[in-house]
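Each remark here refers to the structure printed beneath this line.
Residue numbers (the working numbering): 18 to 106.
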């Protein structure tokens, strides 16, 4: 069973490859251009997604998303976390 955003272990690390896959999973909902822009923006906010082996904790991912979207980030974070759980399950 996939974890929900409430049950994700705070110490869990996700590879940059997993983060990109989770974001790309949203393409049907938000569009390819938005996905590409989001990946580009995350690079600007210290998530080096070009290095597939880099690892990031949930807190680092949340901080980067919140820097981009501010208070409007919660729904997007929930969808990304759900997709991360599916890629690592």
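The beta-carbon is built from N, C-alpha and C at its ideal position, and this holds for glycine as well.
Predicted model only: the values in this text are computed from it and were never measured.
Helix, strand or coil at residue 57 according to DSSP, with G and I counted as helix: Locating residue 57 in the chain shown gives position 40, counting from the first residue. In this structure, residue 57 counts as helix in the three-state DSSP scheme.
Start-end ranges of the beta strand (DSSP E) lying completely within the region 70–102, minimum 3 residues: Counting only runs of 3 or more, we get 72–74.
Own chain, CB closer than 8 Å to residue 70, minus 5 neighbours either side, in chain order: As a first step, residue 70 must be located in the chain shown, where it is residue number 53. These residues qualify, in order along the chain: 32, 33 and 34.
Supposed close pair residue 100, residue 43 - CB separation, criterion 8 Å: Along the chain shown, read from residue 1 onward, the residue named residue 100 stands at position 83. Along the chain shown, read from residue 1 onward, the residue named residue 43 stands at position 26. Indeed, because the Cβ distance is near 7 Å, the residues count as touching under 8 Å.
Straight-line Cα distance separating residue 96 from residue 57: Here residue 57 corresponds to residue number 40 of the chain shown, with the count starting at 1. Here residue 96 corresponds to residue number 79 of the chain shown, with the count starting at 1. Cα to Cα, the separation comes out at about 18 Å.
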